[in-house]
Amino acid sequence: MTTSLHEDKRDVVLSVQQLKKRIGRKWIIEDVTFEVRAGEIFGFLGPNGAGKTTTIRMLVDLIKPTSGKITVCGYDVNRDPEQSLRFVGAIVENPEMYSFLTGWENLEQFARMVPDIDETRIHEVVDIVGMAKRIHDKVKNYSLGMRQRLGIAQALLVRPRLMILDEPTNGLDPLGIKELRTFIRQLADEGMAVFVSSHLLSEIQLMCDRVAIINHGRVLAVDDVENLLVGRNQYVIWMTKSPERARALLEQQDGVHLVQPHEGMIDETALLGLPEDYIITEMNTDLIAKVNQALLAAGMEVEGIQRVVPTLEQLFLEMTEGGGID
Amino acid sequence: MKRKGSLWSIIALIGCLSSVLLLTGFILGVTNVLHPGSVPFTEKPVASTPEVPVDNSKAEYRIVAIGDSLTRGTGDDTGKGYVRRTVEMLEKHKREAKLLNNLAINGLRADQLVTRLDEEHIGYSLKQANLVLLTIGGNDLFQGAQSEQLSSAQLNIEYLNKKADESISSLKQVLNKIRETNKDALIVFVGLYNPFSNVKEMSTVGSSVVERWNHAAKEFMNEDANMLMIPTQDLFEHNIDKYIAADHFHPNGTGYDAIATRIVQSLP
Amino acid sequence: MLALIHNETLKVLKKKRFYVILLILVVLIPVFTYAQMKIAQNSREKFDQDWRREITQQIADYQNTLGSDRIPEEWKTMRRIMIQQLQYYLDHDVNPNEPNGVTFTRTFMDNAVTLFIPLLIMAIASDIVSSERSTGTIKMLLTRPVRRWKILMSKWIVLMLFSGIIVLATALLSYLISGAVFGYGGWSFPLFSGFNLSGSDVHVESVHMMPSWLYLLMQCGLIWFSSLVVAALSFMVSVLVRSTAASIVTLMAVLIAGSILYNMASSWPTAKYLFMINLNLTSYLAGSPPPVEGMTLGFSLIVLAVWGVIALLIAFRVFTKQDMLN
Chain A
1 MTTSLHEDKR DVVLSVQQLK KRIGRKWIIE DVTFEVRAGE IFGFLGPNGA GKTTTIRMLV
61 DLIKPTSGKI TVCGYDVNRD PEQSLRFVGA IVENPEMYSF LTGWENLEQF ARMVPDIDET
121 RIHEVVDIVG MAKRIHDKVK NYSLGMRQRL GIAQALLVRP RLMILDEPTN GLDPLGIKEL
181 RTFIRQLADE GMAVFVSSHL LSEIQLMCDR VAIINHGRVL AVDDVENLLV GRNQYVIWMT
241 KSPERARALL EQQDGVHLVQ PHEGMIDETA LLGLPEDYII TEMNTDLIAK VNQALLAAGM
301 EVEGIQRVVP TLEQLFLEMT EGGGID
Chain B
327 MKRKGSLWSI IALIGCLSSV LLLTGFILGV TNVLHPGSVP FTEKPVASTP EVPVDNSKAE
387 YRIVAIGDSL TRGTGDDTGK GYVRRTVEML EKHKREAKLL NNLAINGLRA DQLVTRLDEE
447 HIGYSLKQAN LVLLTIGGND LFQGAQSEQL SSAQLNIEYL NKKADESISS LKQVLNKIRE
507 TNKDALIVFV GLYNPFSNVK EMSTVGSSVV ERWNHAAKEF MNEDANMLMI PTQDLFEHNI
567 DKYIAADHFH PNGTGYDAIA TRIVQSLP
Chain C
595 MLALIHNETL KVLKKKRFYV ILLILVVLIP VFTYAQMKIA QNSREKFDQD WRREITQQIA
655 DYQNTLGSDR IPEEWKTMRR IMIQQLQYYL DHDVNPNEPN GVTFTRTFMD NAVTLFIPLL
715 IMAIASDIVS SERSTGTIKM LLTRPVRRWK ILMSKWIVLM LFSGIIVLAT ALLSYLISGA
775 VFGYGGWSFP LFSGFNLSGS DVHVESVHMM PSWLYLLMQC GLIWFSSLVV AALSFMVSVL
835 VRSTAASIVT LMAVLIAGSI LYNMASSWPT AKYLFMINLN LTSYLAGSPP PVEGMTLGFS
895 LIVLAVWGVI ALLIAFRVFT KQDMLN
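Residue numbers (the numbering used here), protein chains in the order written: chain A, 1 to 326; chain B, 327 to 594; chain C, 595 to 920.
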């Protein structure tokens, strides 16, 4: 990400500077600063209640910041929503549409509120999200997935330079998540800046180019996603027919630590499909092949090896314990 | 799509037109109240008296009742009074009867009735009748007596006689006026009774003044063949407990029934 | 702006609330028509269609209540005024209750102004902002490149348009439905206006005669003004309260309290500054006594206007500044 100053300036689509928000006496957002550039997928990672949604609502002028500045394509969002929001397509939380209107009528509603959007553009976005068949049905008869698609369609309607998606994978099945990922990448490749919030590290890892990590209303770090876990041990799960012997052998290996899983360490869903006698180790992933050979050499049948990303909470724990990625 | 597009514009247009129309109405309405008569299409009203439709085609009693609370029916739990009872009894005897109006007012005195008869709409109603039922005088003689403690002045025979003479002249005016308004109607006047015939101090005095009044009325009415006086003093004198209502002044249902019976018997 | 009005009109129409209102009218008006027909039949039997005798009897009945000590003085004042007015109608040989569709409409509108029409207006007004918030569509609406006051203004304009339509539709439907029973004539039938009240005396110097159609037009115009004030207040509540049901209940309670207060207001003169007590503008046209002695049309108009303007100011102020937290 070493680009010249001149280029950087041109590419910044969304800029958030020293954003602060107080509600009542409580500072919900204490210090949030980051920039999103054209063509990148920017992850906004933080646990529930960290201030993600509040920040997103400030990005689209639903909430006024107490202090700080948000600009989109150089226009101040709060002072000049008429200019700045023209470049933004957003889904805040769930894509709530007028359920008593058809999908098409919903899109028409939004189209009328922005200049230069005609029926052809509506047809275009409907085709993009693949909803041509059901678009004239009432929204109340849509499934959650279809509502998501319609939400994306309305966000695309304005030909945005910045796309804001708040927890976009919520309620989607694995296939849907995969489709969405491809779709978002496609948008970024076309030069759009995509801002994605999530509380799942794994998701951000798979989807994003850069990431900002937020907790308790503060951005802890902004960096490339690859750098996020560099130099950090990861969890590897071993499955063998003879777990006791494997455990003993693993214990002797250099750079391998057996760990007792505790709550919040590993995403529970990653453990769900596993047989009972699995062994969790914390180790550098480069060592996996070597350790595997050692196990085989000792005559143990390795049934499975699985790399697991630590949860965000675990990451925070490590970041605060021994120097973060700052 | 086209159809939907036009629906909203039609509604919006209707909305705009409605608003313009209503705004006009609002401005006219406000002007009309603040500056009466300045709005076009308004004009000064002209008083006019209508033709009185008199329907003589059917042989029936067309009744207008006028007078005081007795005619109103005060004291009758059923609210019918002697007027409605009369109508009902006539109907029971297969004689057609219709009550046009009951114009009686509680507490009315004879002198008040004289002015009341000047009112246009009373005349309108009277003209249509062929039978006028009338009670008056009770309030002239005994006003206040039914509710307040009897004062010595009210027990004074001379004072009462004076009052009776005054109100008799009013009664004469009343009867004359009714006759002026309606030349042919039968006027039935229900005479007075002494409501205090069971009250020791008032029994003699009351009866005496009531007799005096009734006598004068009867004398006057004798001159007109189409006037009929229904005596009630004899009816009530010894039945006062049976016929009087809880207020010790008006008849009760039974009392009214007795009066109505007499009226029906006396009618031609 | 026109596009925004287009949007809002469509939303109101598609939500079907407006049609429900029309349906309510179509169902209820025949009920009143039937009741009125029974009354008319009754008087026809008793008075052989001789309205003069009927009025004469009415006067006599009123006069009788004047003597009673148990009747409150305010009622007696009202009765005295009515007697004098009825007398005036008799003297000028004009039947105030000429049985026809126009008379029915006039009476119906007179009775509808304080409660019925406000309720209909409320059904649309209380929903117009709060429903966007309770369904979450407000997020879609406010993240457009349009300033918030414009969005609210479009909603208010649409509400005004529908208020006008509701008032006229009520008059029109009641004419059409009752006309089927009472006949459609009576447009040019004369009516009196301009009775001046001082205490229980009626001054007739400024009384003038006008055709029924003009009277009806004035009446609807005055009702329209009351309706706009009710609309403005409902609008404000709709902005302040997130739930449509809560905002309807709030207003219903206020209106019903108002109609109860109306009859007691004479003993509490300060009540004349409440908007509910002033809604009955048509009473000034007919010359019926106001709920508090000394109230005039000018006074009521000012009180209503102040309430309405303040409600709108609050609505706009809150809506444009408010943080949309959920």
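We put the CB at the ideal spot given by N, CA and C, even for glycine.
**Report entry** Burial state of C:K605, where buried means 16 or more other Cβ atoms lie within 10 Å
**Finding:** In the third sequence, counting from the first residue as 1, residue 605 of chain C sits at position 11. Within 10 angstroms of the beta-carbon of C:K605 lie 16 or more other beta-carbons, which makes it buried.
**Report entry** Any chain B beta carbon closer than 7 Å to C:I850
**Finding:** Translated into the one-based positions of the third sequence, residue 850 of chain C becomes position 256. Judged by the 7 Å Cβ criterion, C:I850 is not in contact with chain B.
Query raised in the report: Can you name the residues of chain B whose CB is closer than 7 Å to the CB of C:N658?
Result: The residue you call residue 658 of chain C lines up with position 64 of the third sequence. Residues of chain B passing the Cβ test: R398, I431, N432.
Query raised in the report: Excluding five sequence neighbours on each side, which residues of the same chain lie with their C-beta closer than 7 Å to the C-beta of A:I56?
Result: Here residue 56 of chain A corresponds to residue number 56 of the first sequence, with the count starting at 1. Excluding sequence neighbours, A:I56 sits near V92, I164, D166, S197.
Requested in this report: Starting from A:W238, follow its DSSP beta bridges and name the residues at the other end.
Outcome: Against the first sequence, residue 238 of chain A aligns to sequence position 238. By DSSP's assignment, A:W238 forms a beta bridge with A:I279, A:I305.
Query - Through-space distance from B:Y582 to B:A571, alpha-carbon basis - result: Your numbering for residue 571 of chain B matches position 245 in the second sequence. Your numbering for residue 582 of chain B matches position 256 in the second sequence. One C-alpha to the other measures close to 10 Å.
Query raised in the report: Is the CB of C:M918 under 7 Å away from at least one CB in chain A?
Result: Here the question's residue 918 of chain C lines up with position 324 in the third sequence. Closer than 7 Å to some Cβ of chain A, the Cβ of C:M918 qualifies, so yes.
Query raised in the report: Among A:D224, A:D189, A:L59, A:K69, which has the Cα closest to the Cα of A:Q17?
Result: Here residue 17 of chain A refers to the residue found at position 17 when the first sequence is read from its first residue. It is A:K69.
Query raised in the report: What residues of chain A sit near C:H600, judged by a beta carbon separation below 8 Å?
Result: If you number the third sequence from 1, residue 600 of chain C lands on position 6. Result: R112.
Query raised in the report: Any C-beta of chain C sitting closer than 7 Å to the C-beta of B:V359?
Result: As a first step, residue 359 of chain B must be located in the second sequence, where it is residue number 33. For B:V359, the answer is yes, since a Cβ of chain C falls inside 7 Å of its Cβ.
Query raised in the report: Exposed or buried, C:S806, counting other C-beta atoms within 10 Å across all chains shown (16 or more means buried)?
Result: Looking up residue 806 of chain C in the third sequence gives position 212. Buried.
**Report entry** Stretch-stretch touch, CB-based, cutoff 8 Å, three pairs: the segment 174 to 191 of chain A with the segment 112 to 121 of chain A
**Finding:** No, the segment 174 to 191 of chain A does not touch the segment 112 to 121 of chain A.
Requested in this report: Grab the span of the beta strand (DSSP E) containing A:G68 for me, first residue to last.
Outcome: The sequence position of residue 68 of chain A within the first sequence is 68, counting from 1. Going by DSSP, A:G68 is part of the beta strand (DSSP E) stretching over 67 to 72.
Report task. Say whether chain C places a C-beta atom closer than 7 Å to the C-beta of B:M327. Result -> Here the question's residue 327 of chain B lines up with position 1 in the second sequence. Residue confidence for B:M327 is low, a pLDDT of 43 falling below 50, so the modelled location carries little weight and cannot support an answer.
Query raised in the report: Cβ of C:H797 less than 7 Å from any chain B Cβ?
Result: Looking up residue 797 of chain C in the third sequence gives position 203. No, its Cβ sits nowhere closer than 7 Å to a Cβ of chain B.
Query raised in the report: Quick one: what does DSSP say A:V60 is sitting in, helix, strand or coil?
Result: Start at 1 with the first residue of the first sequence, and residue 60 of chain A comes out as number 60. Note: A:V60 maps to coil in three-state DSSP.
Query raised in the report: For chain C, is any of its Cβ atoms less than 7 Å away from the one on A:F195?
Result: Position 195 of the first sequence, counted from the first residue, corresponds to residue 195 of chain A. Answer no: the Cβ-Cβ gap between A:F195 and chain C never drops below 7 Å.
**Report entry** Ordered list of alpha helix (DSSP H) runs contained in the segment 652 to 701 of chain C, each at least 4 residues
**Finding:** Fully enclosed alpha helix (DSSP H) runs of 4 or longer: 667 to 685.
Query raised in the report: Mapping DSSP to helix, strand and coil, what is C:T890?
Result: Against the third sequence, residue 890 of chain C aligns to sequence position 296. Coil at C:T890, not helix or strand.
Query raised in the report: Mind checking whether A:V309 and A:L201 have CB atoms under 7 Å apart?
Result: Position 309 of the first sequence holds residue 309 of chain A. Position 201 of the first sequence holds residue 201 of chain A. For the 7 Å CB-CB criterion, A:V309 and A:L201 form a contact.
Query raised in the report: What residue from C:T603, C:Y878, C:A899, C:G780 has the CA that sits closest to C:L827's CA?
Result: Residue mapping note: residue 827 of chain C aligns to position 233 of the third sequence, counting from 1. Closest option to C:L827, Cα to Cα, is C:A899.
Query raised in the report: First and last residue of the beta strand (DSSP E) that includes B:F515?
Result: Counting from 1 along the second sequence, the entry for residue 515 of chain B is found at position 189. It spans 512 to 516 - the beta strand (DSSP E) in which B:F515 sits, taken as one unbroken run.
Query raised in the report: Quick one: does A:I82 have its CB under 7 Å from some CB of chain C?
Result: On the first sequence, residue 82 of chain A is found 82 positions in, with the first residue counted as 1. The sequence shown places Glu at residue 82 of chain A, not Ile. Closer than 7 Å to some Cβ of chain C, the Cβ of A:E82 qualifies, so yes.
Query raised in the report: Any beta-carbon of chain C closer than 7 Å to the one on A:A155?
Result: As a working note, residue 155 of chain A is residue 155 in the first sequence. Not one beta carbon of chain C lies nearer than 7 Å to the beta carbon of A:A155.
Report task. Below 7 Å between beta carbons is the criterion; list the residues of the segment 725 to 754 of chain C that meet it against any residue of chain A, in chain order. Result -> Within the segment 725 to 754 of chain C, the residues whose Cβ lies closer than 7 Å to any Cβ of chain A are, in chain order, T729, G730, T731, K733, M734, L736, T737, R738, P739, V740, R741.
Requested in this report: Establish whether the CB of A:R86 and some CB of chain C are separated by less than 7 Å.
Outcome: Taking the first sequence and counting its residues from 1, the one referred to as residue 86 of chain A is at position 86. Interface with chain C (7 Å Cβ-Cβ cutoff): A:R86 is included.
**Report entry** Nearest candidate by alpha-carbon position, reference A:I29, set A:R247, A:G217, A:A246
**Finding:** By 1-based counting over the first sequence, the position of residue 29 of chain A is 29. Answer by Cα proximity: A:G217.
Requested in this report: Could you tell me whether the Cβ of A:R70 comes closer than 7 Å to any Cβ of chain C?
Outcome: Counting from one through the first sequence, the residue named residue 70 of chain A turns up at place 70. Sequence check: residue 70 of chain A is Ile here, not Arg. With respect to chain C, the C-beta atom of A:I70 has no partner C-beta closer than 7 Å.
Query raised in the report: chain A beta carbons: is any one of them nearer than 7 Å to that of C:A719?
Result: Position 125 of the third sequence, counting from 1, holds the residue named residue 719 of chain C. No, because no Cβ of chain A sits closer than 7 Å to the Cβ of C:A719.
**Report entry** Inter-residue Cα distance where the pair is C:Y884 and B:N578
**Finding:** Position 290 of the third sequence, counted from the first residue, corresponds to residue 884 of chain C. Position 252 of the second sequence, counted from the first residue, corresponds to residue 578 of chain B. A quick correction: the sequence has Pro, not Tyr, at residue 884 of chain C. Distance between the alpha carbons of C:P884 and B:N578 is about 40 Å.
Query raised in the report: Do you know whose CA, among C:T603, C:I649, C:V740, lies nearest C:T914's CA?
Result: As a working mapping, residue 914 of chain C is identified with position 320 in the third sequence. The shortest C-alpha separation from C:T914 is found at C:V740.
Query raised in the report: To the nearest angstrom, how far is it from the Cα of B:I513 to the Cα of B:N358?
Result: On the second sequence, position 187 is the one that residue 513 of chain B refers to. On the second sequence, position 32 is the one that residue 358 of chain B refers to. In a straight line, the C-alpha of B:I513 is about 48 Å away from that of B:N358.
Report task. Could you round the C-beta distance between A:R37 and A:V72 to whole angstroms and report it? I think they count as a contact, below 8 Å. Result -> Position 37 of the first sequence, counted from the first residue, corresponds to residue 37 of chain A. Position 72 of the first sequence, counted from the first residue, corresponds to residue 72 of chain A. Contact flag wrong, Cβ pair sits at about 12 Å.
**Report entry** Partner residues on chain C for A:K64, Cβ-Cβ distance less than 7 Å
**Finding:** Locating residue 64 of chain A in the first sequence gives position 64, where the first residue counts as 1. At a C-beta separation below 7 Å, A:K64 has these neighbours in chain C: D917.
Report task. Taking the CB atoms as reference points, tell me whether B:K424 and B:R388 lie closer together than 7 Å. Result -> Working through the second sequence from its first residue, we reach residue 424 of chain B at position 98. Working through the second sequence from its first residue, we reach residue 388 of chain B at position 62. Yes, the Cβ-Cβ distance between B:K424 and B:R388 is below 7 Å.
**Report entry** Length of the line joining the Cα atoms of C:G852 and C:T708
**Finding:** Here the question's residue 852 of chain C lines up with position 258 in the third sequence. Here the question's residue 708 of chain C lines up with position 114 in the third sequence. Pairing C:G852 with C:T708, the inter-Cα distance amounts to about 9 Å.
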